[in-house]
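Heads up: the sequence lines are chains A and B, in that order. To convert, note that position 8 of the first sequence is -2 in our numbering; the numbers rise steadily by one, no gaps. To convert, note that position 186 of the second sequence is 196 in our numbering; the numbers rise steadily by one, no gaps. All residues carry an ideal CB built from backbone N, CA and C; glycine is no exception. In this text the structure is predicted, and so the values were computed from the model without any measurement. To start, the structure itself, in structure tokens.
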Amino acid sequence: MIEVHKLIKRFGLKTVLRGIEFKVQPGEFVALLGPNGSGKTTFLHILATLSKPSIGEIRIAGFQLPSQASSVRQQLGVVTHQPLLYGDLTAEENLLFYGRMYAIPDIGNRIAEVLGMIGLFARRRDLVRTFSRGMQQRLAIGRAVLHNPDVMLFDEPYTGLDQDASTMLDDVLQTVASHGRTVVMTSHDLARAEDLATRFDILSRGVITASIHREELGQDNLLSFYRQALTE
Amino acid sequence: MHSKKNSPVRNFFRAVGAIIWKDLSTEFRSRELLSAVLIFALLVILIFNFALELDVKTRTSVTSGVLWVTFAFAGTIGLNRSMAVEKDRGCLEGLLLAPVDRSAIYFGKAISNLAFMLIIEAIILPVYSLLYNTNLFNLGLIGVILLGSVGYVAVGTLLASMAVQTRTRDVLLPILLFPVVIPIMIAAVKASNGFLQGIAITELMPYINLLLVYDVIFIAVAFMVFDYVVEE
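The structure is reproduced here in structure tokens:
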């Protein structure tokens, strides 16, 4: 579903990504872990077509980046730590706007379905600026799955959420992933990543230094694997 | 996927329409942009009114200059605010993630900005007429205002998209914009003045043609480079 080969990203003289090799099978849930400044967000931005690679080959759902970026965007749902929502529109109006941008047919029914899934149907006519951070993040996920994408990218989705909101987001993320979607999520929260993901990749200083599937973790927990990967 | 059967052209116009609908809906709900720009514009006119203390004859000759200075200053605030709304909550990323040609985002924002600018101008003209005791209800003048506003907004929207990505966006936009729109301002002031003085349209055609040419050039350039401007 996602294939990345020898990806390099430079900002001026600074090289942020140094030859990333990354492959994700359909239906996999990959947690991309790493310390601050390791290049996780830059990598996700490139996959999300928001930034172009300096060198390297990327294919998502059979389409090449950056030449077929528009086709890739149709297959992608992206959630970041910012909700990408308009505070002066209601929840329903925000989804209606994005539905039009994605040319979704029968948008009214789809919006009702998505609002039900994220538990915000009762608040559909409220302005988004009156929502708590957790509710905004759930609506952001609703926005991202509105066009029923095959690939979901989550960039630190738990940032700024309290315990209750994080638990609620867990349920929504599990629902999203359970529909056979391919998911890549960056996170600092190892415990949450361990609960959700089926594979864990460690990104350090612009390269993926280690990768392990959930079943390969064995007796070791993710934290010890993570620490070992960073010291190698 | 939902929208594979839609043609790219239809999707383009649907996206343009969605952005205009979104901008007008949020603005008519919050009235943040219109009220701020309108108050600023009225203050500029009042300051000119008290500062210049002109006699009737001189007053007519400076009208077009005062009007266009007011439009330019007020327009800058409007353009900055319009793009800042997109940037502050990450909504610009949300727009860039949509599977439409990015020039659709430009045209949607530019048409919204033009609508706001025309609303402000429609309020300023009668107020100015009252304060300066000058009749501004002249079809030629209204045509020049329309042409001048199109060019100003066309290049202003592009430069605001660039400036909004910097920390000094409020200062940067006028620094970038005013030198570029000097030809539009000169042509608009000369043509407006000509219509107010009752000069024959044939004598004003060079200025009107200049406005038309700049409108076409600015729209074409913005169409071609917007994708690069919003690229990270």
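_With a threshold of 8 angstroms on Cβ separation, who are the neighbours of Pro139(A) within its own chain once the five nearest residues in sequence on each side are excluded?_
Walking along the first sequence from the start, residue 139(A) turns up at place 149. Cβ neighbours of Pro139(A) beyond the five flanking positions: Gln64, Gln65, Leu66, Gly67 and Arg171.
*Using a beta-carbon distance below 8 angstroms, is Glu83(A) in contact with chain B?*
Counted from its first residue, the first sequence places residue 83(A) at position 93. Answer yes: the Cβ-Cβ gap between Glu83(A) and chain B drops below 8 angstroms somewhere.
*Does Phe87(A) come within less than 8 angstroms of chain B when only Cβ atoms are used?*
Your numbering for residue 87(A) matches position 97 in the first sequence. Output row for Phe87(A): interface = yes.
_Per DSSP, cross-strand counterpart(s) of His137(A)_ = Your numbering for residue 137(A) matches position 147 in the first sequence. Paired residue(s): none; His137(A) is not in a bridge.
*Can you tell which of Ser168(A), Leu213(A) and Gly196(A) has its C-alpha closest to the C-alpha of Phe190(A)?*
Within the first sequence, the letter at position 200 stands for residue 190(A). Residue Leu213(A) is the option with its Cα nearest to Phe190(A).
*Listing by chain order, which chain B residues have their CB less than 7 angstroms from the CB of Val68(A)?*
Position 78 of the first sequence, counted from the first residue, corresponds to residue 68(A). Ordered by position in chain B, the residues that pass the 7 angstroms Cβ test against Val68(A) are Leu107.
*Quick one: grab the DSSP three-state call for Val26(B).*
For the purposes of this step, residue 26(B) is identified with residue 16 of the second sequence, where counting begins at 1. Val26(B) falls in the helix class under three-state DSSP.
*asked:* Measuring straight from C-alpha to C-alpha, what distance separates Ile(-8)(A) and Lys13(A)?
replied: Numbered from 1 along the first sequence, position 2 holds the residue referred to as residue -8(A). Numbered from 1 along the first sequence, position 23 holds the residue referred to as residue 13(A). One C-alpha to the other measures close to 6 angstroms.
*For Arg217(A), name the three-state secondary structure that DSSP assigns.*
For the purposes of this step, residue 217(A) is taken as the residue at position 227 of the first sequence. Helix, per DSSP.
*asked:* Since Ala197(B) and Leu220(B) should fall inside the 8 angstroms C-beta cutoff, what is the C-beta to C-beta distance between them, to a whole number of angstroms?
replied: Sequence index remark: in the second sequence, residue 197(B) carries index 187 (1-based). Sequence index remark: in the second sequence, residue 220(B) carries index 210 (1-based). Sure, about 4 angstroms apart at Cβ, within 8 angstroms.
*Can you give me the Cβ contacts of Lys(-4)(A) inside the same chain, cut-off strictly under 6 angstroms, excluding the 5 residues immediately before and after it?*
Residue -4(A) sits at position 6 when you count from the first residue of the first sequence. Answer for Lys(-4)(A): Gly9 and Gly46, listed in chain order.
*What is the rounded straight-line gap between the Cα of Met11(B) and the Cα of His137(A)?*
Translated into the one-based positions of the second sequence, residue 11(B) becomes position 1. Translated into the one-based positions of the first sequence, residue 137(A) becomes position 147. With a pLDDT of 49 at Met11(B), under the threshold of 50, the modelled position of this residue cannot be trusted; read the value that follows with caution. A straight line joining the alpha-carbon of Met11(B) with that of His137(A) spans about 6 angstroms.
*Would a C-beta distance cut-off of 8 angstroms place Met234(B) and Ser171(B) closer than the cut-off?*
Taking the first residue of the second sequence as 1, we reach residue 234(B) at position 224. Taking the first residue of the second sequence as 1, we reach residue 171(B) at position 161. Contact flag unset, no.
*What whole-angstrom Cβ distance do Val118(A) and Gln126(A) have, given they're in contact under 8 angstroms?*
Locating residue 118(A) in the first sequence gives position 128, counting from the first residue. Locating residue 126(A) in the first sequence gives position 136, counting from the first residue. Going by Cβ atoms, the distance from Val118(A) to Gln126(A) rounds to 6 angstroms, so yes, they are a contact pair.
*Measure the alpha-carbon distance for Trp216(B) versus Glu103(B) and round it to whole angstroms.*
Taking the first residue of the second sequence as position 1, residue 216(B) is located at position 206. Taking the first residue of the second sequence as position 1, residue 103(B) is located at position 93. Reading off the sequence, residue 216(B) comes out as Pro, not Trp. So the alpha carbons of these two residues sit roughly 42 angstroms apart.
*Where Val199(B) and Leu151(B) are concerned, what is the direct C-alpha to C-alpha distance, given to the nearest angstrom?*
For the purposes of this step, residue 199(B) is taken as the residue at position 189 of the second sequence. For the purposes of this step, residue 151(B) is taken as the residue at position 141 of the second sequence. The straight-line gap from Cα to Cα measures roughly 10 angstroms.
*Residues that Leu74(A) contacts on chain B, provided the C-beta gap is smaller than 9 angstroms*: Numbered from 1 along the first sequence, position 84 holds the residue referred to as residue 74(A). By Cβ distance, chain B contributes Arg99, Gly100, Cys101, Leu102, Glu103, Gly104, Leu105 and Leu107.
*Closer than 7 angstroms by C-beta to Lys14(B): which residues in its own chain qualify, once you throw out the five before and the five after it? Chain order, please.*
Position 4 of the second sequence holds residue 14(B). In this predicted model, Lys14(B) has a pLDDT of only 49, less than 50, meaning its place in the structure is not dependable enough to derive any value.
*Which chain A residues sit within Cβ distance under 8 angstroms of Asn21(B)?*
Along the second sequence, one-based indexing puts residue 21(B) at 11. Neighbours of Asn21(B) on chain A, chain order: Ala93.
*Going straight from the alpha carbon of Ile202(A) to that of Ala183(A), what length do you get?*
Here residue 202(A) is taken as the residue at index 212 of the first sequence, counted from 1. Here residue 183(A) is taken as the residue at index 193 of the first sequence, counted from 1. So the two alpha carbons sit approximately 13 angstroms from each other.
*Thinking just about the alpha-carbon of each residue, which of Phe53(A), Thr32(A) and Ser168(A) is nearest to the one in Asp145(A)?*
Residue numbering aside, residue 145(A) sits at position 155 when the first sequence is read from its first letter. The candidate whose alpha carbon is nearest that of Asp145(A) is Thr32(A).
*Starting from the beta carbon of Ser171(B), find every residue of chain A whose beta carbon is closer than 9 angstroms, and list them in chain order.*
Translated into positions along the second sequence, residue 171(B) becomes position 161. Chain A residues near Ser171(B): none, gap ~14 angstroms exceeds 9 angstroms.
*For Asn59(B), collect the residues of the same chain with a Cβ closer than 8 angstroms to its Cβ; drop the 5 residues on either side in sequence, then sort them by chain order.*
The sequence position of residue 59(B) within the second sequence is 49, counting from 1. Contacts found: Leu141 and Tyr142.
*When the Cα of Gln15(A) is compared with those of Val166(A), Gln153(A), Ile192(A) and Val174(A), which residue comes out closest?*
Taking the first sequence and counting its residues from 1, the one referred to as residue 15(A) is at position 25. Checking every option, the nearest Cα to that of Gln15(A) belongs to Val174(A).
*asked:* Assuming the contact rule is C-beta atoms closer than 8 angstroms, Leu187(B) and Val160(B) should be a hit. Round their C-beta distance to whole Å, please.
replied: Here the question's residue 187(B) lines up with position 177 in the second sequence. Here the question's residue 160(B) lines up with position 150 in the second sequence. About 15 angstroms; that fails the 8 angstroms criterion.
*Beta-carbon spacing of Ile50(A), Val69(A) below 8 angstroms*: One-based indexing of the first sequence puts residue 50(A) at position 60. One-based indexing of the first sequence puts residue 69(A) at position 79. No, the pair does not count as a contact, with Cβ atoms beyond the cut-off.
*Does at least one heavy atom of the ligand COA sit under 7 angstroms from the Cβ of Gly132(A)?*
With respect to small molecules bound, the structure shown includes none, and the ligand COA cannot be examined in it.
_Separation of Tyr148(A) from Ala134(A), as counted between CA atoms_ = Numbered from its first residue, the first sequence carries residue 134(A) at position 144. Numbered from its first residue, the first sequence carries residue 148(A) at position 158. Whole-angstrom Cα-Cα distance: 15 angstroms.
*Going by Cα to Cα distance, which pick from Ala59(A), Arg115(A) and Leu55(A) is closest to Asn84(A)?*
Translated into the one-based positions of the first sequence, residue 84(A) becomes position 94. Of the candidates Ala59(A), Arg115(A) and Leu55(A), Arg115(A) places its Cα closest to the Cα of Asn84(A).
*Between which two residues does the beta strand (DSSP E) containing Phe12(A) stretch?*
As a working mapping, residue 12(A) is identified with position 22 in the first sequence. That run of the beta strand (DSSP E) goes Lys4 to Val14.
*Between Ser71(B) and Asn203(B), what straight-line distance do the alpha-carbon atoms span, to the nearest angstrom?*
Residue mapping note: residue 71(B) aligns to position 61 of the second sequence, counting from 1. Residue mapping note: residue 203(B) aligns to position 193 of the second sequence, counting from 1. Rounded to whole angstroms, Ser71(B) to Asn203(B) spans 7 angstroms at the Cα level.
*Alpha carbon to alpha carbon, how far is Phe236(B) from Tyr76(A)?*
Translated into the one-based positions of the second sequence, residue 236(B) becomes position 226. Translated into the one-based positions of the first sequence, residue 76(A) becomes position 86. Rounded to the nearest angstrom, the two C-alpha atoms are 22 angstroms apart.
*Flag this pair as yes or no: are the beta carbons of Phe205(B) and Val137(B) separated by less than 8 angstroms?*
Here the question's residue 205(B) lines up with position 195 in the second sequence. Here the question's residue 137(B) lines up with position 127 in the second sequence. When the beta-carbon positions are compared, Phe205(B) and Val137(B) stay at least 8 angstroms from each other.
*Per-residue burial, Phe1(A) [other beta carbons within 10 Å of its own, 16 or more giving buried]*: As a first step, residue 1(A) must be located in the first sequence, where it is residue number 11. Exposed, because fewer than 16 other Cβ atoms sit within 10 Å of the Cβ of Phe1(A).
_Please report whether the beta-carbon of Arg177(B) lies at a distance below 8 angstroms from any beta-carbon of chain A._
Translated into positions along the second sequence, residue 177(B) becomes position 167. No, its Cβ sits nowhere closer than 8 angstroms to a Cβ of chain A.
*Of all the CB atoms in chain B, is at least one closer than 8 angstroms to the CB of Arg63(A)?*
Locating residue 63(A) in the first sequence gives position 73, where the first residue counts as 1. It does; some Cβ of chain B falls within 8 angstroms.
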